[in-house]
Structure formats: C-alpha cells, structure tokens
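One structure is given here, and the rest of the page talks about it.
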Amino acid sequence: MEKAHSYRFYPTSEQENLLRRTLGCVRLVYNKALHKRTQAWYERQERIGYGQTSSMLTAWKKEAELNFLNDVSSVPLQQGLRHLQSAFTNFFAGRAKYPNFKKKRNGGSAEFTKAAFKFKDGQIGTGSV
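Just so you know, the working numbering puts 103 at position 113 of the sequence shown, and the rest follows in order with no gaps.
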C-alpha cells in the first residue's frame, strides 16, 4: 500500500523564490516537450516518447539561455515529463483530450518523489538531489 503525506509549510522568502522558480521551470519544460512532440507529429508523423524528451531536457540544460534549469531540482522536471507521457498515453487510448500547454496563471505544480526528501530529527530536508 502506498502512503501520501500532506504537509503545510510557511516558506521563507528565499524558499518561496526557489519554489516559484521550480514551478516556472517545470511549466517551461512541460510546454517545450509538448511543443516538440506536437511539431514532430505534424512535420514527420513521428511519435516522441519519454526517453527522447528526457534526452532533450539534458540538452536544454546545456544551452546558455536555458542554463537556469540547472538551478532547480531535476526531480520535478523529470516528473513533469512523466506526466506529459501519461497525458499522451491517455490521449492515444481515447481516455482524454490532447494535452494542453500549462499556463502561469493556474499556479502550477511540481511533484517530488520520495527519494527527493529525508526526514531526520523532526526536520524535512532534501535527499540526494
């Protein structure tokens, strides 16, 4: 059985800034990957999967104008690509509409895996990321 934990926290201004940057980067990566997948289909009738978008993310992180992607944890960026893959899987199975681009006004979300955190001495900290 899997467990989910919800926590309420009140971030410092520095933490809030990092959280906002993380949400923005997740949205950017999701939208860039959606654009690339859509473009590949319309131009070459080619389906791009998670593995290829993950490789694209690695290349984007090396570009000078997207270097800021290295400033946030890679875990939510990869999770965003996994969510996009699920959206396409559901679309091709007829369970959902074509994936939409993420908008800034909706607040955004970022998902961290269990490995991204550690709980020690009553404090939550970052894991190996």
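Every residue, glycine too, gets a C-beta built ideally from N, C-alpha and C. The structure presented is a predicted model; accordingly, all values stated were derived computationally and were not measured.
Item: K22 - DSSP class collapsed to helix/strand/coil; Value: helix
Item: Extent of the continuous alpha helix (DSSP H) run through L56; Value: Where L56 is concerned, there is no enclosing alpha helix (DSSP H), given that its DSSP letter is neither H nor E.
Item: Continuous alpha helix (DSSP H) stretch holding G70: start and end; Value: 64 to 82
Item: Through-space distance from D61 to V119, alpha-carbon basis; Value: Because V119 sits at a pLDDT of 41, beneath the cut-off of 50, its placement in the model cannot be relied upon, and the point is left open.
Item: Burial state of R27, where buried means 16 or more other Cβ atoms lie within 10 Å; Value: buried
Item: Selection from F81, Y20, R(-2), P1 that minimises the alpha carbon distance to W132; Value: Within the shown structure, residues of the chain are numbered from -9 to 119, placing residue 132 beyond reach of any answer.
Item: Terminal residues of the alpha helix (DSSP H) in which G41 lies; Value: 40 to 52
Item: Chain-order list of residues whose beta-carbon lies under 6 Å from that of D111 (same chain, five-residue window excluded); Value: none
Item: Under the three-state DSSP convention, the category S118 falls into; Value: Only weak support is given to the placement of S118: the predicted model assigns it a pLDDT of 47, under 50, and the value that follows is read from those uncertain coordinates. Reduced to three states, the DSSP call for S118 is coil.
Item: Cβ shell of M(-9) (< 6 Å), same chain only, five flanking positions each side left out; Value: none
Item: Spatial neighbours of V16 in its chain, beta-carbon cut-off 7 Å, leaving aside the 5 residues before and after; Value: P66, L67, G70, G98, A100
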